[in-house]
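Residue numbers (the numbering used here), protein chains in the order written: chain A, 3 to 151; chain B, 38 to 204.
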Amino acid sequence: MDTVLRGVAIYFIVLIAVRISGRRALSQMTPFDLVLILIIAETTQQALLGDDFSLINATILILTLFTVDIGLSYIKKYLPFVEKVIDGRPTLLIGNGKRDERALSRSRVSLEDVMEAARSQHGLERLDQIKHAILETDGNISIVPAQSD
Amino acid sequence: MMEAHSEGLDLNDDKPFQERFWTFQRFAWLAFALCVILALAGLTGGGGPLSRATASGDAGTVDYPRVARWEASDALRIILPESANRQVRIDIGSAFSEVFELEDIQPQPSASEATAEGLRFVFDLSDPPGERRIVMHVRAMRPSLGRAMHIRINGGPALAFAPVVLP
């Protein structure tokens, strides 16, 4: 019984912590993000298993985690509000070349991050070549380049 | 539901929700910081200035963890004053054994019994004077919200304590 409770508890604790920490933590493997992910993986391992290393414990844990994941995906499908809260929504950072300073600062995205995405996705050189920049729910920035005249 | 954005973009964003979420997020970060501060203070167990407390009586003092952690090792100390005799009898209420597992007792008791009240240990002490200690290494076997426990030294009044065991 403990196994299921631990599994569910850790699943939601990590989900909530990652979601609240801000989407930028999900994308872009900077060395800092990598260290964070490795450490979180290590901390949860022991909390999930306790001191019970039996096969049945590991199996129940894996099944519990998958079940919660699948259950949550159905809940998200039927309750759009839950999906909004858990996955979030994209944020428009630059629209028609115009910057939304508040969105940029609240999302903690710098213009340098936007330019990096613009360079890697489209090889753009300057900010004014960007038509739209959107912070997606997975933390990546999508760039729509301006039409070259 | 994809709505045509004012910028001519089909984007499924939700500005009012996002603003509320950002505000909520900032409050949550404050809560994170508060948790870290509480942990540093010792209120989540595992050592720290506020993590231990004592229950005192004439016959001695029980030094116990105010907050213990599930399946983590901890220590309970019984401190016997200068005046204590060469032998001391410690009675531990059964509520203690229902939450904590006794891993180790230092020094080893010279006698131990199961009683109606719970456990009884008899320890040999060196000659007075001098403060003497009995250390019990315990492990919390289940989470508990401050279950009332007690220890009696030499049949005296119950020294009550109620450690919280965090999961």
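C-beta atoms are modelled at their ideal positions from N, C-alpha and C, and glycine is treated no differently. If you're wondering where the values come from, they're calculated on a predicted model, not measured in any experiment.
> Roughly how many angstroms separate the alpha carbons of Leu63 of chain A and Phe14 of chain A, rounded to a whole number?
Replying inline: Indexing the first sequence from 1 puts residue 63 of chain A at position 61. Indexing the first sequence from 1 puts residue 14 of chain A at position 12. Straight-line Cα distance between these residues: approximately 14 Å.
> According to DSSP, is Ser120 of chain B helix, strand or coil?
Replying inline: Locating residue 120 of chain B in the second sequence gives position 83, where the first residue counts as 1. Note: Ser120 of chain B maps to coil in three-state DSSP.
> The alpha helix (DSSP H) spanning Arg104 of chain A covers which residue range?
Replying inline: Mapped onto the first sequence, residue 104 of chain A falls at position 102. Element bounds for Arg104 of chain A: Glu103 to Arg108.
> Do Asn49 of chain B and Arg91 of chain A have their C-beta atoms within less than 8 Å of each other?
Replying inline: Position 12 of the second sequence, counted from the start, is the residue given in the question as residue 49 of chain B. Position 89 of the first sequence, counted from the start, is the residue given in the question as residue 91 of chain A. It is a contact, given that the beta carbons lie within the stated cut-off.
>> Quick check: the Cα distance between Thr93 of chain A and Leu46 of chain B, rounded to an integer number of angstroms?
In response: For the purposes of this step, residue 93 of chain A is taken as residue 91 along the first sequence, with counting starting at 1. For the purposes of this step, residue 46 of chain B is taken as residue 9 along the second sequence, with counting starting at 1. Their backbone Cα atoms lie some 12 Å apart in a straight line.
> Taking all protein chains shown into account, do 16 or more other C-beta atoms lie within 10 angstroms of the C-beta of Pro86 of chain B, making it buried, or fewer, making it exposed?
Replying inline: As a working note, residue 86 of chain B is residue 49 in the second sequence. Pro86 of chain B should be labelled exposed.
> Are Pro194 of chain B and Gly94 of chain B close, meaning C-beta to C-beta below 8 Å?
Replying inline: Walking along the second sequence from the start, residue 194 of chain B turns up at place 157. Walking along the second sequence from the start, residue 94 of chain B turns up at place 57. Going by beta carbons, Pro194 of chain B and Gly94 of chain B fall inside the 8 Å limit.
> Near Ile42 of chain A, which residues of its chain fall below 7 Å by C-beta distance, leaving aside the five closest residues on each side in sequence?
Replying inline: Taking the first residue of the first sequence as 1, we reach residue 42 of chain A at position 40. Taken in chain order, the residues that qualify are Val16.
> Is Met38 of chain B buried or exposed, if buried means 16 or more other CB atoms sit within 10 Å of its CB?
Replying inline: Looking up residue 38 of chain B in the second sequence gives position 1. The predicted model places Met38 of chain B with a pLDDT of 46, which falls under 50 and marks its position as unreliable, so this point remains unresolved.
> Mind pulling the chain A residues with CB within less than 8 Å of Asp111 of chain B?
Replying inline: Counting from 1 along the second sequence, the entry for residue 111 of chain B is found at position 74. None at all; the shortest Cβ gap to chain A is about 16 Å.
> Three or more C-beta pairs closer than 8 Å, one from the stretch 116 to 132 of chain B and one from the stretch 181 to 189 of chain B: is that the case here?
Replying inline: yes
>> As a quick exercise: from B:Arg176, B:Val159 and B:Phe54, pick the residue whose alpha carbon is nearest that of Val84 of chain A.
In response: Counting from one through the first sequence, the residue named residue 84 of chain A turns up at place 82. Comparing Cα-Cα distances from Val84 of chain A to each of B:Arg176, B:Val159 and B:Phe54, the minimum goes to B:Phe54.
> Would Lys52 of chain B be called buried (16 or more neighbouring beta carbons within 10 Å of its own) or exposed?
Replying inline: Sequence index remark: in the second sequence, residue 52 of chain B carries index 15 (1-based). With fewer than 16 Cβ atoms within 10 Å of its Cβ, Lys52 of chain B is classed as exposed.
> When you compare only the Cα positions, how much space is there between Leu129 of chain A and Met117 of chain A?
Replying inline: Taking the first residue of the first sequence as 1, we reach residue 129 of chain A at position 127. Taking the first residue of the first sequence as 1, we reach residue 117 of chain A at position 115. Rounded to whole angstroms, Leu129 of chain A to Met117 of chain A spans 7 Å at the Cα level.
>> What residue range does the beta strand (DSSP E) around Pro147 of chain A cover?
In response: Within the first sequence, residue 147 of chain A is the residue found at index 145, counting from 1. Here the beta strand (DSSP E) through Pro147 of chain A covers Ile143 to Pro147.
>> Just list the residues that DSSP pairs Asp161 of chain B with in beta bridges.
In response: Mapped onto the second sequence, residue 161 of chain B falls at position 124. For Asp161 of chain B, which the question treats as bridged, DSSP gives the partners B:Gln124.
>> Which of the three DSSP states is assigned to Thr139 of chain A in this structure?
In response: Here residue 139 of chain A is taken as the residue at index 137 of the first sequence, counted from 1. Here Thr139 of chain A sits in coil by DSSP.
> Can you name the residues of chain B whose CB is closer than 7 Å to the CB of Lys86 of chain A?
Replying inline: Position 84 of the first sequence holds residue 86 of chain A. Those within 7 Å of Lys86 of chain A in chain B are Asp51 and Phe54.
> Assuming Asp161 of chain B contacts Ser149 of chain B under a Cβ cut-off of 8 Å, what Cβ separation, rounded to an integer in Å, is found between them?
Replying inline: Position 124 of the second sequence holds residue 161 of chain B. Position 112 of the second sequence holds residue 149 of chain B. Not a contact, Cβ separation roughly 13 Å.
>> Cutting at 8 Å between CB atoms, please list the residues of its own chain near Ser163 of chain B, excluding the five before and the five after it.
In response: On the second sequence, residue 163 of chain B is found 126 positions in, with the first residue counted as 1. Closer than 8 Å at Cβ, skipping near neighbours: Arg123 and Arg169.
>> If I follow the unbroken alpha helix (DSSP H) through Ala19 of chain A, where does it start and stop?
In response: On the first sequence, residue 19 of chain A is found 17 positions in, with the first residue counted as 1. Asp4 to Ser23 is the span of the alpha helix (DSSP H), which, as asked, contains Ala19 of chain A.
> Does any residue of chain B bring its CB to less than 8 Å from the CB of Leu41 of chain A?
Replying inline: Position 39 of the first sequence holds residue 41 of chain A. For clarity, residue 41 of chain A is Ile in the given sequence; the question names Leu instead. Contact of Ile41 of chain A with chain B is not assigned, every C-beta pair being separated by 8 Å or more.
> Among B:Pro144, B:Ile171 and B:Glu135, which has the Cα closest to the Cα of Gly155 of chain B?
Replying inline: Position 118 of the second sequence holds residue 155 of chain B. Looking at the Cα atoms, B:Glu135 is the closest of the given residues.
>> Quick check: what's the CA-CA separation for Leu74 of chain A versus Ala92 of chain B?
In response: Taking the first sequence and counting its residues from 1, the one referred to as residue 74 of chain A is at position 72. Taking the second sequence and counting its residues from 1, the one referred to as residue 92 of chain B is at position 55. Roughly 47 Å separates the two Cα atoms.
> If you draw a straight line from the C-alpha of Phe34 of chain A to the C-alpha of Ala197 of chain B, how long is it?
Replying inline: Counting from 1 along the first sequence, the entry for residue 34 of chain A is found at position 32. Counting from 1 along the second sequence, the entry for residue 197 of chain B is found at position 160. Distance between the alpha carbons of Phe34 of chain A and Ala197 of chain B: 48 Å.
> Is the CB of Glu108 of chain B under 8 Å away from at least one CB in chain A?
Replying inline: Numbered from 1 along the second sequence, position 71 holds the residue referred to as residue 108 of chain B. Chain A contact via Cβ: present.
> According to a CB-to-CB cut-off of less than 7 Å, which residues of the stretch 174 to 197 of chain B neighbour chain A?
Replying inline: none
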